[in-house]
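Enquirer: Pasting a structure here, questions to come.
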Amino acid sequence: MSVLPTPFVERIKSSTLFDDKLLAALDEEAPISIRFNTKKTLQAFNETQSVAWCESAFYLKERPSFTLDPLFHAGCYYPQEAGSMYIHSVLKTLDLPENPVALDLCAAPGGKSTLLTSFLDNKGILISNEVIRTRANILAENISKWGYSNCFVTCNDPKDFKKVPNLFDLILIDAPCSGEGMFRKDIKARAEWSLENAQHCSLRQRRIIADVWDSIKEDGYILYSTCTFNPAENEENVSWMLENFDCEVCELPLFEGMLKDSLNYGYYFTPGTTATEGFYCVLLQKKEVFKSNKKPKTNKTNFVSSQLFQSLIDEKIEHAFFEENDNYFAATPFSLDIYSIIDKSLFWIKRGVFVGTKQKKGFNPEIDLALNFSLRNTSETIELTKKEALQYLHGDTFPLEGTIGFKLLTYKGETLGYIKHLGNRFNNLFPKEWRIRMNLPTDII
């Protein structure tokens, strides 16, 4: 491995919190962990132990090829760094309303958002935001694969959320940081690190926090996290929040190996003491009321009947269906109510479930519908072998028996996406931007 940056090493060695054990661990092999989607097929892995703070997560003995597992593409699990899954235990301690309005502000690629959606379990609404468009598209893909109906994706700068004051019961700010916690997992992070960049990150984090502060309700929560060991980006930013805003630090659940930060606010997860990469987390609760006469620009929702999609949907929970620009969408009624209130204030990448596109006769179904466990109709499916499933995910076509029409393809009973069967062949409808790009091995079983 490349050498750790000298100023970083010097800071760790002079710290009263960290020690040489951390520095040594940064040159060891990183643990591999995944979190299961409990609403979908649970894949059998060679697991070593569960993640203590997230009951649906496990460590793996070795890293498999996730790309070559169709169930990964079906959203049955998510490879995620174990420390960041601590958010699951934090969420369980919160005093939230029955239908929380939540924002994951810096959400790409989507690990924490999928965790949040599992926690909400189709109650309330989750708005997952990413300011960079290409990353926002990846975020939307991962949320679609997770299969819930109350999730929306935006592509906005944090300052845009000033347009929606007093909206959120919970904001997760997994802030862009200097990335010291990734020094073991991502060698490039070592080369990109500098004292100047770390200082820049600290100031940018404060801007991000200030930009969204007014959008938090009174008694709403701010769950702030980073993947760095730098106190200027962690506990010193908490001190700044306490000095500049009316809020208080909340207690967090404690697990073996976690380190209390130097100012007694939040906790660190560190290689060498926990089976994780570097992660910092703190929870604050807002106490002030921001009074605003501004009202978000609202939009009249163009509701449509579910009868339009009768052959391809099977509602397990209540949905509302609506149309925008010849596209059909569905969402849980509460989440659609919130979306309708703030529709004109933000730039939307994903609106609940993208059901399909309007055609002269009927509609063409979209991948969102295929992957949504509470809405898809699985009465007409075609089960694939692993080889066929990977070929489909690669964008290929192959001989496949079936009757004419839109068919849902499955692997081990879990849906992958649609085809349009033409009788003697089929059109592959798996999105081009989601397809496997690598050459498939010739020895696929």
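Counting in this note's numbering, the sequence shown runs from 697 upward without gaps. By construction, the Cβ of each residue, glycine as well, lies at the ideal position given by its N, Cα and C atoms.
Hey, Glu837 and Trp1130: beta-carbon distance below 8 Å or not?
Expert: The answer is yes: Cβ separation under 8 Å.
Enquirer: Note the first and the last residue of the continuous beta strand (DSSP E) segment covering His1117.
Expert: Taken as a continuous stretch (DSSP letters only), the beta strand (DSSP E) holding His1117 covers 1110 to 1117.
Enquirer: Could you give the DSSP three-state label for Phe762: helix, strand or coil?
Expert: Helix, per DSSP.
Enquirer: Leaving out the 5 sequence neighbours to the left and right, which residues in its chain are closer than 6 Å to Leu1080 when beta-carbon positions are compared?
Expert: Around Leu1080: Leu1105, Tyr1107.
Enquirer: Any idea which residues DSSP pairs Ile1013 with across the strands?
Expert: Beta-bridge pairing links Ile1013 to no other residue.
Enquirer: On the CB-based measure, 16 or more other CB atoms within 10 Å of its CB, does His769 come out buried or exposed?
Expert: By the 10 Å Cβ count, His769 comes out buried.
Enquirer: Lys841: buried (16+ other C-beta within 10 angstroms of its C-beta) or exposed?
Expert: So Lys841 counts as buried.
Enquirer: Is the beta carbon of Leu651 sitting closer than 8 Å to the one on Ile1140?
Expert: Here the chain covers residues 697 to 1141 and nothing more, so residue 651 does not appear.
Enquirer: When the Cα atoms are used, what is the spatial distance from Val1000 to Glu1062?
Expert: Computed Cα separation, rounded: 17 Å.
Enquirer: So what's Trp1130 in DSSP terms, helix, strand or just coil?
Expert: It is helical.
Enquirer: State the Cα-Cα distance for the pair Phe1045 and Tyr773, rounded to the nearest angstrom.
Expert: A small correction: the amino acid at residue 1045 is Ile; Phe does not occupy that position in the sequence shown. Answer to the nearest angstrom: the Cα atoms are 23 Å apart.
Enquirer: Going by the beta-carbon positions, is the gap between Lys996 and Ile912 smaller than 8 Å?
Expert: No, the Cβ-Cβ distance between Lys996 and Ile912 is not below 8 Å.
Enquirer: Leaving out five residues before and five after Leu1008 in sequence, what residues of the same chain have Cβ atoms less than 6 Å from its Cβ?
Expert: Answer for Leu1008: Pro1061, Asn1073, listed in chain order.
Enquirer: Could you say which of Tyr1035, Leu1089, Phe1059, Val978 lies nearest to Gln1003 if we only look at CA atoms?
Expert: Measuring from the Cα of Gln1003, the nearest candidate turns out to be Phe1059.
Enquirer: From this set, Pro967, Asp915, Thr702, which residue's C-alpha is nearest Glu725's C-alpha?
Expert: That would be Pro967, whose Cα lies nearest to the Cα of Glu725.
Enquirer: Which term fits Glu939, buried or exposed, when burial requires 16 or more other beta carbons within 10 angstroms of its beta carbon?
Expert: Glu939 comes out exposed.
Enquirer: Cα-Cα, which of Phe857, Phe864, Lys808 is closest to Ile821?
Expert: Looking at the Cα atoms, Phe864 is the closest of the given residues.
Enquirer: Out of curiosity, what's the CA-to-CA distance linking Cys946 and Ser780?
Expert: Their backbone Cα atoms lie some 18 Å apart in a straight line.
Enquirer: Leaving out the 5 sequence neighbours to the left and right, which residues in its chain are closer than 8 Å to Gln745 when beta-carbon positions are compared?
Expert: Phe754, Tyr755, listed in sequence order.
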